[in-house]
Every structure is written in structure tokens, then in C-alpha cells.
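Enquirer: Under my numbering, think of the first position of the sequence shown as 778, with each following residue one higher. Built from N, CA and C at the ideal position, the CB exists for glycine as well. Since we're looking at a predicted model, the values are computed, not measured. What follows is a structure written as C-alpha cells; I'll ask about it next.
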Amino acid sequence: MASFKDVIGHEQIIAHLSNSLKNNKVSHAYIFSGEDGTGKNMLAKLFAKALQCEAGYGDSCGMCHSCKQVDSGNQPDIRWVTHEKPASIGVDDIRMQVNNDIAIKPYSSKYKIYIIDEAEKMTPQAQNALLKTIEEPPSYAVILLLTNNAQLLLPTISSRCVTLNMKAIAPDKIQSYLMNNYEIPDYKAKICASFAQGNMGKAIKMATSPDFNEMHERVLNLVKNVDDMDVYVVVDAVKKLSEYKAEIYDIIDMMMVWYRDIIMLKLTNDPNLLIYPEEYNALLRRASKSTFEGLDTIIQAMEKCKVRLRANVNFDTALEMMLLTIKEN
Ligand SMILES: [Zn+2]
């Protein structure tokens, strides 16, 4: 991604940022909010590049001195705030890298930009230290906070920032991007786009994973057979899934694609709208077994399973509960 015009999706955010540049109405602080993989870092980087671009027309030109510096990773007036401790951004990180530095005028550009990734990791003390700067920033300062959990930011910080919420990208756009840029075959690109639910980073990660084929085969095997499995076979299937503990959320999301297809089929009876049109008969059989309510319960059981795993409920227990709910509905 070299400039805003290369970005897939995010039209509203880009229009907003681009207009603020053109009209000279740039705010001093922004929050880029969205789950991992949704494009926060990319957009913040492109915004910083456009802010510093010497051509100054609402996007970056890619030709000027500043744009070239950004491309080679050494634009001195764009600072990515780092932190020593992986789990938290402390008050010293903010004081040393932001508060004590911000009074020094930009080295060669119009703005001085601070990008704080994983901003939710700032301790309350760090946030209070940052607040002082956000309350009275020098005219040239722009602070970009990137976060996957904006609720962990103090209201006093949020209220002084322009918040940009990342939006889901249309599956067909993700699909064609995967096909054009990663040479992914169309059936696989379609599955990955559907699985990712609008999250481009997640789609790319899955599409390029060396484990994709094996995981996908296992998931299909499981969703096709789980209804006929005895409970002890389910327990056994869960044991096998535990090999994929690190990817378990992806596996559950892959399973969801299957059940969303069943719902789609029940609603429309149109095989063209399916992610798995070649599984029409199997999907139809499954669709006749459940009511909409039952299918809704299944989708909810999957979401619940993810929540339980995040809360460190025992892996086997969480998955068995999910699979048994699928069987019962
Ligand atoms: Zn430029």
C-alpha cells in the first residue's frame, strides 16, 4: 500500500482524512479503532505519509523527499512509540518518547507525528501523562492512537480524539484482492473472504497459511459428520482439534462459514449464494434438520465457545459443549 488510492475498502475513513488534509482541518489526536487485521496500522501509516507529503493534495505523492523517507522507513518526523514491556506501555515510555520530545519542532516536515500502536496497553498513569500533551499540543503535533479495544482508553482521552472505527470490507472485494495479489484460487479466496468477515488481515493470513488445506479439510469433515457422531467420538474429535490450539478461533470461524451457508440455503434455496455450492446436497440435508432458531443457537454456541476460550475455560470442555449444542440443534 503506497497511498490511500491503493486501499481496498475504508472509503469513508479515507474521505474524512483526505478532506481534513485538503481543508487544513487536521485534528491533533486520532483513535484508529478496530480488531487486529482490520487495517489500522496501514491507514495510520498512509495518513502520516499524506500529512507529511510535500505535494500536499490530500494523499501522498510517492515522489517527494518525505514520501521517499517514509517508504524507506526513516521519516524523522514520524515516530512510532515503542515499549520495553510487551504487555504494557508505561508512563516512562510516554514521557520519554512523547512528552519530552514533542516540544522539539519538526526536523524537516510540516507536522510531528506520534503513532502509538496497541494504545490499549497504556497504563492509566501513561494515559494521564499523554492527556496533558493532548490537552495542549503544539500546533504541529499529531498523535495517532491505534487500538483493538478503545474502551480501555480513558474517557478524558477519547473525548479529545477523533475516533475512526474500522469497517468491514465487502467479501467480494477481499476475494478479488486475494486472487489478484496472492494468486489464490477462487474457491479458496471465497472461503477465506467469507471466513474473515470483512477483516482483510485475517483473510490474508488464512489464505497464505501453509496449514490452510489440512485445517479446512478437518473442519469440513467435522461439520459434515458431527451430527452422526456418538458422544465419545465427539470427545475424540476434540482431542484431535487440540493439535490446533493456537488456531482454534480460526477453526471455529471456519465452521461458522458452513452454518452460515446452511442458513443462507434455508432462506433462499439458491446454490449460487453459497460459499460451498458443491456441497449443496449435504447442506440441504443439514438445513432440513434444523429450525432457524436451532441454527441461531448453533452460531451463538460458537461465539460462546470463543468467549469461554478467551476466559481460559478448559479447552476440551468449551469445545465439547459447542459440538454437543450443534448435535442437539
Ligand atoms: Zn509526497
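Is the beta carbon of glycine 835 within less than 7 Å of some heavy atom of ligand 1?
Expert: It does not: the Cβ of glycine 835 is nowhere closer than 7 Å to a heavy atom of ligand 1.
Enquirer: Decide if lysine 909 is buried, meaning its Cβ has at least 16 other Cβ atoms within 10 Å, or exposed.
Expert: Result: exposed.
Enquirer: Would you tell me roughly how many angstroms separate the C-alpha atoms of arginine 1063 and threonine 1074, rounded to the nearest one?
Expert: Computed Cα separation, rounded: 14 Å.
Enquirer: Taking the C-alpha atoms as reference points, what is the distance between isoleucine 1039 and arginine 995?
Expert: Their backbone Cα atoms lie some 18 Å apart in a straight line.
Enquirer: Alpha carbons only, please: which of Met1031, Asp1030 and Tyr1057 is nearest the one belonging to lysine 1043?
Expert: Closest by alpha carbon: Tyr1057.
Enquirer: Below 8 Å on the Cβ atoms is my guess for methionine 1032 versus methionine 992; work out the distance and round it to an integer in Å.
Expert: The Cβ separation is near 11 Å, so there is no contact.
Enquirer: At which residue ranges does the region 963-1011 contain complete beta strand (DSSP E) runs of 3 or more residues, listed in the order of the chain?
Expert: Fully enclosed beta strand (DSSP E) runs of 3 or longer: not present.
Enquirer: To the nearest angstrom, how far is it from the Cα of glutamate 897 to the Cα of asparagine 1089?
Expert: Taking the straight line joining both Cα atoms gives about 21 Å.
Enquirer: Heavy atom of ligand 1 less than 7 Å from the Cβ of alanine 832, yes or no?
Expert: Answer for alanine 832: yes, Cβ within range of ligand 1.
Enquirer: At a cut-off of 7 Å, is glycine 839 close to ligand 1 when judged by its beta-carbon and the heavy atoms of the ligand?
Expert: Indeed, a heavy atom of ligand 1 lies less than 7 Å from the Cβ.
Enquirer: Quick one: grab the DSSP three-state call for threonine 940.
Expert: If DSSP states are grouped into helix, strand and coil, threonine 940 belongs with the strands.
Enquirer: Report the residue from Asn1049, Ala1059 and Tyr1036 whose alpha carbon sits nearest the alpha carbon of valine 1071.
Expert: The sequence shown places glycine at residue 1071, not valine. With distances taken between Cα atoms, glycine 1071 lies closest to Tyr1036.
Enquirer: Measuring alpha carbon to alpha carbon, tell me which of Ser837, Phe781, Ala918 and Val1015 ends up nearest leucine 820.
Expert: Minimum Cα distance to leucine 820 is reached at Phe781.
Enquirer: Could you say which of Tyr1009, Ala1095 and Asp1004 lies nearest to tyrosine 1026 if we only look at CA atoms?
Expert: Among Tyr1009, Ala1095 and Asp1004, the Cα nearest to that of tyrosine 1026 belongs to Ala1095.
Enquirer: Between alanine 832 and tyrosine 884, what straight-line distance do the alpha-carbon atoms span, to the nearest angstrom?
Expert: For alanine 832 and tyrosine 884, the distance between alpha carbons rounds to 18 Å.
Enquirer: Sorry if obvious, but does the Cβ on serine 843 come closer than 7 Å to a heavy atom of ligand 1?
Expert: Yes, Cβ of serine 843 sits closer than 7 Å to a heavy atom of ligand 1.
Enquirer: Decide if the region 921-931 is in contact with the region 805-824; the criterion is three or more beta carbon pairs, one per stretch, under 8 Å apart.
Expert: A contact exists between the region 921-931 and the region 805-824.
Enquirer: Which parts of the region 892-965 are runs of the alpha helix (DSSP H), unbroken and 4 residues or longer, counting only runs that do not cross its ends?
Expert: If we require 4 residues or more, the alpha helix (DSSP H) runs fully inside the region 892-965 come out as 901-912, 932-935 and 948-959.
Enquirer: What does DSSP give as the partner residues of lysine 889 in its beta bridges?
Expert: According to DSSP, which records beta bridges pairwise, lysine 889 is partnered with Ala918.
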